[in-house]
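I have placed the structure first, in the form of structure tokens, so that the comments after it can refer back to it.
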Amino acid sequence: MSTSSSLSAEAEVPPVLAKQETASPPFSPREEAAGLPEERRPPPPDLREPEVGIIQNRGAFPAGFPRLGGPQSNPTLRSRVTQAFLMTPLYPMRFVHVLIQLGYEPVPPERRYSIVFQRYMYYWPGLIGYARAIARKDGWMELYRGVTGNLASEITAIVASSLLSPVVKEIVGKIPLSVVPSNGDTPDNEDNIETTRAILVRGVRLFCNQLIVRSAVIIIRQPLFTINVRMIAQHVGKESLYDSVWSSVLEIYHREGVAGFYKGVVPALLGGVLSTVMHVTLWVGLELIAKMITQDVGKTLIKGLVRPFLISYVPRSYAYPFELMRAVMSANDSGLQIGTQPYMPRFSGWKDCYRHLKAQHVMYRGSVFYLSRYAYTEKP
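Residues in the sequence shown are numbered consecutively from 1, following my numbering.
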């Protein structure tokens, strides 16, 4: 009798509910602790509606294959590549900057009287005056010489950085820098940076991430950077050795071999190390200062205003001489007019280039090129 009643009771249970009772879906600890009723609990994964915008795998693609619009697509990469294309109209700024770094001036300096120093001083033109002088002589399209090389260089750097960053972050995250269970100090959590130890540990990981990714991107990008600099440098002597990316690859390989693509890579790597050290040092120092401040206004001021300004300005200022040497070495002894005397001697290496630039007192040449640049003072 009891057996027949139990069978009839099971027959009245709907198939879906019976499936849920026999194999209840996995719940998170938060849902179990909340004691939600069964009707409010989420259904099993196979009964849930597919998320909007996600294409279900029906066999058209292998499992885990990245698809546009799917969860594995990288909108950040697409947006950064799109931004690189949208910045193309501003390429004349890059063109002018490289020529100034190489020591080329299209017009003589302008004589002006300084009220402060009570004497006449000479100034090179700024960005607008420099670009106008080139456009008057060779046309505005001359300012876009080498734009294809720059675009290839930028996209290569963006793709390399986007692909390497998550891999390096995962590898560095597995390094057991700090394992402190159940005491509130969890530096592995990026949201918890309240304790001094957590700040220091995260600073070490930030340094490792940035140093590895930045160094790898510099090495990958350097051949295209060299090509772009030489394409721009052709403006001085109106040569045609480096008119396109492919012809530049062939010219550099036949002239200098593989080593020609990596002229200037050593100062670039040294500048990257120095910039990373300055960046992480400022980040850790300002985080420790913000930790000691009790008022929310002070913390917001440091993290929202002071830190972004210092991190974007100070590392670049200290590393700029290495950026200058990178550009000069890329054009030196390249078969172009600007790569020889009187613009620059033939350097045996980056140290020789450093000594020459330091002796000429031009280690920061081109660091500020938007406004008029001081040339020299007229002797009384």
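Yeah, the Cβ is synthetic: ideal placement off N, Cα and C, and Gly gets one too. Every value quoted in this text rests on a predicted model; they were computed, and no experiment measured them.
Check, Outcome
"Under 8 Å between C-beta atoms of residue 147 and residue 177", "no"
"Residue burial classification, residue 117 (beta-carbon count within 10 angstroms, cutoff 16)", "exposed"
"Continuous alpha helix (DSSP H) stretch holding residue 334: start and end", "Unbroken run through residue 334: none, as it is neither H nor E."
"Residue range of the unbroken alpha helix (DSSP H) whose run includes residue 383", "The question about residue 383 has no answer here: the residues shown for the chain are numbered 1 through 380."
"Selected residue, minimal CA-CA separation from residue 331, among 354, 89, 101, 81", "101"
"CB-CB length for residue 229 against residue 278, believed under 8 Å", "So it is not a contact: roughly 25 Å between Cβ atoms."
"Residue range of the alpha helix (DSSP H) that includes residue 131", "127-138"
"Close-in-space but distant-in-sequence residues of the same chain around residue 211 (CB under 7 Å, 5 per side omitted)", "273, 276"
"Whole-angstrom C-beta distance between residue 76 and residue 215, which should lie under 8 Å", "Contact flag wrong, Cβ pair sits at about 21 Å."
"Contact check, residue 381 vs residue 306, beta carbons under 8 Å", "Since the first and last residues shown for the chain are 1 and 380, residue 381 lies out of range."
"Span of the alpha helix (DSSP H) around residue 359", "350-359"
"Three-state secondary structure (DSSP) of residue 111", "strand"
"Chain-order list of residues whose beta-carbon lies under 6 Å from that of residue 152 (same chain, five-residue window excluded)", "224, 245"
"Short Cβ contact (8 Å threshold) for residue 220 with residue 268", "no"
"Unbroken beta strand (DSSP E) run spanning residue 370, endpoints", "Per DSSP, residue 370 belongs to no beta strand (DSSP E) and is neither H nor E."
"Spatial neighbours of residue 310 in its chain, beta-carbon cut-off 8 Å, leaving aside the 5 residues before and after", "282, 286"
"Buried versus exposed call for residue 361 [16 or more other C-beta atoms within 10 Å across all chains shown]", "exposed"
"At least three beta-carbon pairs within less than 8 Å, the stretch 92-108 to the stretch 126-146", "yes"
"Exposure label - residue 351; buried when at least 16 CB within 10 Å", "exposed"
"Counterpart residues of residue 119 in DSSP-defined beta bridges", "114"
"Where residue 294 falls: helix, strand or coil (DSSP)", "coil"
"According to DSSP, residues forming a beta bridge with residue 377", "121"
"Same chain, Cβ closer than 6 Å to residue 291, five either side skipped, listed in chain order", "none"
"Endpoints, the alpha helix (DSSP H) within which residue 175 is located", "Run containing residue 175: none; DSSP gives neither H nor E here."
"Distance between beta carbons of residue 320 and residue 364, contact taken as under 8 Å", "6 Å"
"CA-to-CA distance, residue 323 to residue 254, given in whole angstroms", "26 Å"
"Burial state of residue 336, where buried means 16 or more other Cβ atoms lie within 10 Å", "buried"
"Nonlocal neighbours in the same chain, by C-beta distance under 6 Å from residue 381, ignoring five residues either side", "This structure gives no information on residue 381, because the portion of the chain shown stretches from 1 to 380."
"Collapsed DSSP secondary structure at residue 234 in the structure displayed", "helix"
"Close Cβ partners of residue 81 (< 7 Å) along its chain, the five nearest in sequence each way excluded", "155, 158"
"Best match in 111, 266, 343, 357 for proximity to residue 125 [C-alpha to C-alpha]", "111"
"Other residues of its chain near residue 344: CB distance less than 7 Å, five sequence neighbours each side excluded", "103, 328, 332"
"Counted within 10 angstroms of its Cβ, other Cβ atoms place residue 83 as buried (16 or more) or exposed", "exposed"
"Own chain partners of residue 266 with C-beta closer than 7 Å, once the 5 adjacent residues on each side are dropped", "350"
"As assigned by DSSP and simplified to three states, the class of residue 83", "helix"
"Nearest residue (CA-CA) to residue 370, options 127, 222, 258", "127"
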